[in-house]
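Notes follow once the structure below has been shown.
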Amino acid sequence: MTLEQLFAESLGVAVDLVHDDLTYQSIPQWDSTAHMLLIARMEDEFGVMLDTDDIIDMSSVAKARQILAKYDVQC
Amino acid sequence: MSMELELDLPVYEWAATEKQLWLMRQLNALTRLHHEHCLPYQRLLDSQRVALEVQAREDLYPLAVRLFKHNRLQSIADEDVFRVLTSSGTTSQQLSRIYLDKLTASLQSRALVRIMQSWLGRERLPMLIIDHPGVITDRQQFSARGAGIQGMLIFGRQPVYALHEDLSPNWDVLDAFFDKWRGKPVLCFGFTFMVWQLIQALQLQQKTLPFNEGVLIHSGGWKKLQDLAVDNPTFKNAVAQTLGVHRVHNFYGMVEQVGSVFVECEQGHLHTPVFADVVIRDIVNGHVLGVGQTGVIEVLSALPRSYPGHALLTEDRGTLLGEDDCPCGRKGRYFSVNGRIPRAELRGCSDTVEPKMAGHIPSVLPIPQRNG
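Following this line, the structure appears as structure tokens:
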């Protein structure tokens, strides 16, 4: 699964809405509740354990990619 | 001022000299910011001839929290309001309204993370929420309790809810949770009274849970427990006996200053983090009180950018216990909370001085005028 697909499914938005510049809280679907669901989904899908700093730093799709790369997840 | 705020500071390491230098710069800048952008606040300060730049935390001019019930106090344009927090408090049916922009909301969550990380570490632990799931899924009743739980979710993983809707224990969930994580570090979070409900149910069933590596964070006030004559040592004892949890941290915070929380250390003292502080004042005349004295709690926070809430007079009674010298080793002021101020006394102090001021802010607690 690509990162874009994961975002689209977790947030319930069309995949073509998900791009690197999409930021947290910029659309109603990416609110704080959805953010935690997104994190849980990422952990399941990519087999990583994200810490609290990762969650608070994950302010955009691009940032999510960077954070996952830290855990050797290329997506 | 720079609208951003450096939060990557050691939370409990700065002694008074260093902390006050930094904090007073932040707080003075906030007084100016809100004076410039919030008209009712400006009118109030001007009518009271309040200095916008002060030397010491005691010289700041705190707003009584109830002012947020009767006035729309914001320092941002309406279109920048991102979220409105509400709280009923206890003194009236009227709701307090706190207007947040994205920046302030972000500062609040980042500050909470910095504070909690120093108690819990960065790693997220399996989480048991001592409440029922409806408290956050029911958007109609998205209460202060729901918001509090929502804010804490970031510190846990795979959260489960320990209670049914009627607040009775959900034994299936509890048993499954303990089977799965037995002997492992876990995080329990709940409001103090909810935790007490669970403990009583466990006691009634003579059930104990093997939770020795757990940590319990709880909040929300002692009033209901005081009515039941349950104090903090009794509470901690019961938690240790039923849940097996020995690391128990209460925290004190309010909807008017989300993110600035005061966490209880191993000694049972509430600690001020680097970006917040407390001043204790005499309930009747507003004079500043010293170590060992009990009065109304004034809370200071460097976080509020979108509303004038950086210096607030609460409706809680507290005792200043010391500064920089808690045996736990953390720096900064530490204190205890001793319940709400009785309504009659609150009314008393607002009636004694009615500022003859412009605008429509009814009253603040009298603050002694200082020279210069």
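Top to bottom, those sequences are chains A and B.
Anchor point for the first sequence: position 73 equals 73 in the working numbering, and the numbering is continuous, going up by one each time.
Add 1000 to the 1-based position in the second sequence for the working numbering, that's all there is to it.
Here a beta-carbon is modelled for each residue, glycine too, at the ideal position from N, C-alpha and C.
{"Check": "Using the rule of at least 16 other Cβ atoms within 10 Å of the residue's Cβ for burial, across every protein chain shown, is valine 15 of chain A buried or exposed?", "Outcome": "exposed"}
{"Check": "Which class does glutamine 1205 of chain B belong to by DSSP, given the choice of helix, strand or coil?", "Outcome": "coil"}
{"Check": "Using 8 Å for Cβ pairs, my map puts valine 1160 of chain B next to phenylalanine 1177 of chain B. What's the rounded Cβ distance?", "Outcome": "5 Å"}
{"Check": "Which runs of the alpha helix (DSSP H), 4 residues or longer, sit entirely within the stretch 1289-1330 of chain B?", "Outcome": "none"}
{"Check": "Give the DSSP-derived three-state secondary structure of methionine 1127 of chain B in the structure shown.", "Outcome": "strand"}
{"Check": "Please name the residue, chosen from B:Leu1100, B:Leu1073 and B:Gln1074, that lies closest to valine 1084 of chain B on a Cα-to-Cα basis.", "Outcome": "B:Leu1100"}
{"Check": "So is lysine 1102 of chain B in contact with chain A if we call contact Cβ pairs under 9 Å?", "Outcome": "yes"}
{"Check": "Rounded to whole angstroms, what is the Cα-Cα separation between valine 1081 of chain B and valine 1054 of chain B?", "Outcome": "29 Å"}
{"Check": "Could you have a look at valine 1081 of chain B and say whether DSSP puts it in helix, strand or coil?", "Outcome": "coil"}
{"Check": "With H, G and I counted as helix, E and B as strand and the rest as coil, what does DSSP make of valine 1248 of chain B?", "Outcome": "strand"}
{"Check": "Would you say isoleucine 55 of chain A faces chain B, with C-beta separation under 9 Å as the test?", "Outcome": "yes"}
{"Check": "For glycine 1221 of chain B, which three-state DSSP category applies?", "Outcome": "coil"}
{"Check": "Report the neighbours of phenylalanine 1155 of chain B on chain E: residues whose CB is nearer than 8 Å to its CB, in chain order.", "Outcome": "Of the chains in the structure shown, none is chain E; the protein chains are A and B."}
{"Check": "Less than 9 Å between the C-beta atoms of alanine 1111 of chain B and proline 1273 of chain B, yes or no?", "Outcome": "yes"}
{"Check": "Take glycine 1146 of chain B and list the residues in its own chain whose beta-carbon comes closer than 7 Å to its own, dropping the five residues that flank it on each side.", "Outcome": "Val1135 and Ile1136"}
{"Check": "Closest Cβ-Cβ distance between methionine 36 of chain A and chain B: below 9 Å?", "Outcome": "yes"}
{"Check": "Which parts of the stretch 1156-1220 of chain B are runs of the alpha helix (DSSP H), unbroken and 4 residues or longer, counting only runs that do not cross its ends?", "Outcome": "1171-1181 and 1192-1204"}
{"Check": "Could you name the residues of the same chain whose beta carbon sits closer than 7 Å to that of tryptophan 1119 of chain B, not counting the 5 residues immediately before and after it, in chain order?", "Outcome": "His1249 and Val1263"}
{"Check": "Please classify valine 1261 of chain B: does DSSP put it in a helix, a strand, or coil?", "Outcome": "coil"}
{"Check": "Locate the alpha helix (DSSP H) running through tyrosine 1012 of chain B, then write down its first and last residues.", "Outcome": "Where tyrosine 1012 of chain B is concerned, there is no enclosing alpha helix (DSSP H), given that its DSSP letter is neither H nor E."}
{"Check": "The beta strand (DSSP E) with leucine 1275 of chain B in it runs from where to where?", "Outcome": "Sequence inspection shows phenylalanine at residue 1275 of chain B; the leucine mentioned does not correspond to that position. Here phenylalanine 1275 of chain B belongs to no beta strand (DSSP E), and DSSP marks it neither H nor E."}
{"Check": "Near isoleucine 1076 of chain B, what residues of its chain come up, given a Cβ to Cβ distance below 6 Å and the 5 sequence neighbours on each side ignored?", "Outcome": "Asp1101 and Ser1306"}
{"Check": "Going by other Cβ atoms of all chains shown within 10 Å of its Cβ, with 16 needed for buried, is glutamate 1018 of chain B buried or exposed?", "Outcome": "exposed"}
{"Check": "At a CB-CB cut-off below 8 Å, which residues of chain B make contact with threonine 33 of chain A?", "Outcome": "Ile1136 and Gln1150"}
{"Check": "Looking only at its own chain, which residues have a Cβ that is under 8 Å from the Cβ of leucine 22 of chain A, when we skip the five neighbours before and after it?", "Outcome": "Phe7, Trp30, Ser60 and Val61"}
{"Check": "For arginine 1114 of chain B, count neighbouring C-beta atoms within 10 Å of its own C-beta (all shown protein chains included) and say buried if the count is 16 or more, exposed if not.", "Outcome": "buried"}
{"Check": "Closest Cβ-Cβ distance between methionine 42 of chain A and chain B: below 9 Å?", "Outcome": "no"}
{"Check": "What number of angstroms, rounded off, separates the C-alpha of valine 48 of chain A from the C-alpha of aspartate 57 of chain A?", "Outcome": "16 Å"}
{"Check": "Check tyrosine 1041 of chain B in the structure and name its three-state DSSP category.", "Outcome": "helix"}
{"Check": "Compare the beta carbon distance of glycine 1292 of chain B and leucine 1321 of chain B with 9 Å and say whether it is the shorter of the two.", "Outcome": "yes"}
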